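Enquirer: Got a structure for you, questions after.
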Amino acid sequence: MSTDDQFQYNLVPAAEISQRVSRLQRRLQEGPMDGALILDPLNMYYYTGTMQQGVFFVPRSGEPVFLVRRSFERAERETPLKRVLPLTGFSQLQTTLADLGLQTSILGVAETTLSVSLFKTLAKAFPKGTFKDISALLGMIRAKKSDYEVGLIREAGARHEMVYDAIPSMLREGMTEWELGAEIHKKMMALGYTGIMRLAAFGGEMFMGIVSFGESGNYPTAGVGPGGLIGLSPAFPLAGGTKKLKRGEPIFVDTGFGYEGYFTDKTRVFSLGAPPAAALDAHKVCLDIQEAVRSRLKPGVIPSRIYEEVYNEFVRPRGFEKHFMGFGSNQVPFLGHGIGLAIDEFPVIAAKVHTPLEANMIIAVEPKKGLEGIGLVGVENTFLVTDEGGENLTPGSDELTIV
């Protein structure tokens with residue numbers, strides 16, 4: 007807990023930070039890099055336990071150094087790291103690290119979260135340095151969760167269940183997607199939801215998720231998932247729009263729940279009164295596909311093999327490919343994705359991912375089907391990889407709920 011009784015909140019245990027840094031150093035020692043520069047907020051939090059402006063330098067061996075621009079005071083309160091120093095500007099970086107006896111000839115950086123302007127600043131700070139992209143390396147390290155992280159995600163799942171249990175009582179004919187989204191968001195916040203969802207790609211963020219009625223679920227989207235939505239305007243294609251709820255149409259709700267920085271991802275479908283039979287039939291197929299993936303989420307299993315087996319055994323034989331995993335241009339080439347501090351983590355259940363699964367990886371599985379003239383159905387749950395297959399961390403009925 008915080009040492010100041012006036013401002014109490016949970017801190018990341020020192021043992022967690024130490025273990026994470028050690029894992030990164032072991033991977034750095036496999037190559038020629040002298041160390042890694044951690045700059046983006048998500049990895050900064052993962053490795054230091056705080057989210058400040060600055061640079062965290064992890065040498066290939068020895069004690070790391072946390073150089074903080076703002077807030078140095080808060081960093082000292084929140085991180086268990088011992089070597090925390092103030093940083094007034096990036097021009098000091100090389101000299102400061104050299105004075106500490108640290109080599110900086112070859113440096114690892116996460117290019118996917120590094121702006122061009124910041125990279126130019128780093129290049130100027132290390133004029134003789136060489137930079138290597140470690141985005142994938144950092145993602146693979148975060149993919150395997152500790153028991154501490156699993157506990158936080160499990161708690162997120164328990165609170166997520168309470169949100170979805172409350173949705174049937176929120177539904178009323180004529181309400182807009184945005185109104186339902188607002189009620190869901192209020193419930194989430196009351197349960198300790200941290201307000202936004204983080205994306206690993208380009209350091210992005212997302213608001214709440216998707217609420218779509220009927221064919222809104224098939225509306226074109228730039229999002230990385232199969233769910234479509236319109237939103238309030240082109241400037242905010244998120245959460246839901248002004249479409250009013252009609253009886254018998256699918257109510258598609260896809261949200262992430264953040265607890266202590268960690269997320270679960272969950273989708274359920276509801277309907278006021280009976281939906282078309284085609285919606286119920288397609289939803290049941292999606293449940294079969296989810297179970298086929300879940301049963302294969304075991305250590306050592308290859309994601310690309312899961313993808314191909316499930317498509318060959320459950321999708322193609324049923325003629326289910328059209329509009330599966332998104333309607334039209336919304337279709338995505340995966341069945342699930344890693345999740346943790348970000349919604350879109352490694353690994354992905356996709357044809358080109360050949361790195362074996364490991365115990366304590368956490369994967370959101372989301373088989374979904376777009377139906378022309380009807381909308382989007384399907385399910386999403388967050389699973390822990392175990393020897394017995396995926397353990398569901400987002401419990402609750404998967405059935406299409408008729409209210």
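Numbering (our numbering), first residue to last: 7 to 409. Where is the CB? At the ideal position from N, CA and C, for every residue including glycine. No experiment lies behind these values; they were computed from the predicted model shown.
So what does DSSP say about Pro437, is it helix, strand or coil?
Expert: In this structure the chain extends from 7 to 409, so residue 437 is not present and cannot be described.
Enquirer: Does DSSP put Leu347 in a helix, in a strand, or in coil?
Expert: coil
Enquirer: Given Gly381, which residues of its chain have a CB within under 8 Å of its CB, disregarding the five upstream and five downstream residues?
Expert: Ser218, Phe219, Gly220, Glu221, Ser222, Gly223, Asn224, Glu255, Pro256, Phe258 and Ala285
Enquirer: Check the C-beta distance from Gly209 over to Gly262 and give it rounded, since I have them as a contact under 8 Å.
Expert: 16 Å between Cβ atoms; not a contact.
Enquirer: Quick one: what's got a C-beta closer than 8 Å to Gly346's C-beta in the same chain, skipping five residues either side?
Expert: Arg148, Ala149, Lys151, Glu155, Ile159, Tyr268, Phe269 and Ile368
Enquirer: Please confirm whether Thr407 and Phe242 have their CB atoms less than 8 Å apart.
Expert: no
Enquirer: Give the single residue among Glu36, Leu113 and Tyr52 whose Cα lies nearest to the Cα of Ile23.
Expert: Among Glu36, Leu113 and Tyr52, the Cα nearest to that of Ile23 belongs to Tyr52.
Enquirer: Here's the rule I'm using: 16 or more other beta-carbon atoms within 10 Å means buried, otherwise exposed. How should Thr94 be labelled?
Expert: exposed
Enquirer: Quick check on the DSSP output: what are the complete beta strand (DSSP E) runs of length 3 or more inside the stretch 152-220, in order along the chain?
Expert: 215-219
Enquirer: Rank His343, Phe96, Pro339 and Phe333 by C-alpha distance to the C-alpha of Glu314 and give the top, closest one.
Expert: Pro339
Enquirer: What do you reckon, are the CB atoms on Phe48 and Ala348 nearer than 8 Å?
Expert: Looking at the sequence itself, residue 48 is Leu, so the reference to Phe does not match. It is a contact, given that the beta carbons lie within the stated cut-off.
Enquirer: Report the rounded CA-to-CA distance for Glu297 versus Asp287, giving the unit in angstroms.
Expert: 16 Å
Enquirer: Going by the CB atoms, is the gap between Lys249 and Glu185 shorter than 8 Å?
Expert: no
Enquirer: Roughly how many angstroms lie between the CA atoms of Val391 and Asp139, to the nearest whole one?
Expert: 28 Å
Enquirer: Does DSSP classify Phe242 as helix, strand or coil?
Expert: strand
Enquirer: Can you name, in chain order, every residue of its own chain whose Cβ lies under 7 Å from the Cβ of Lys470, other than the five neighbours on each side?
Expert: Beyond the ends of the chain as shown, which are 7 and 409, falls residue 470; an answer cannot be given.
Enquirer: Count the other C-beta atoms from every protein chain shown that fall within 10 angstroms of the C-beta of Tyr265, then say buried if there are 16 or more, exposed otherwise.
Expert: buried
Enquirer: Below 8 Å CB to CB, which residues in the same chain sit around Glu378 once its five sequence neighbours on both sides are set aside?
Expert: Asn224, His329 and Phe333
Enquirer: If you compare alpha carbons, which of Ala81, Met146 and Glu386 is closest to Glu405?
Expert: Per the Cα distances, Glu386.
Enquirer: For Ile380, which of helix, strand or coil comes out of DSSP?
Expert: coil
Enquirer: Please name the residue, chosen from Leu244, Arg302 and Pro282, that lies closest to Arg253 on a Cα-to-Cα basis.
Expert: Pro282
Enquirer: Would you report the Cα separation of Gln14 and Val316, rounded to the nearest angstrom?
Expert: 47 Å
Enquirer: I'd like the span of the alpha helix (DSSP H) that includes Tyr15, first residue to last.
Expert: Looking at the DSSP string, Tyr15 is not in any alpha helix (DSSP H), and its letter there is neither H nor E.
Enquirer: Return the chain-ordered list of same chain residues with a C-beta closer than 7 Å to the C-beta of Asn398, the five sequence neighbours on each side being excluded.
Expert: Asn387 and Phe389
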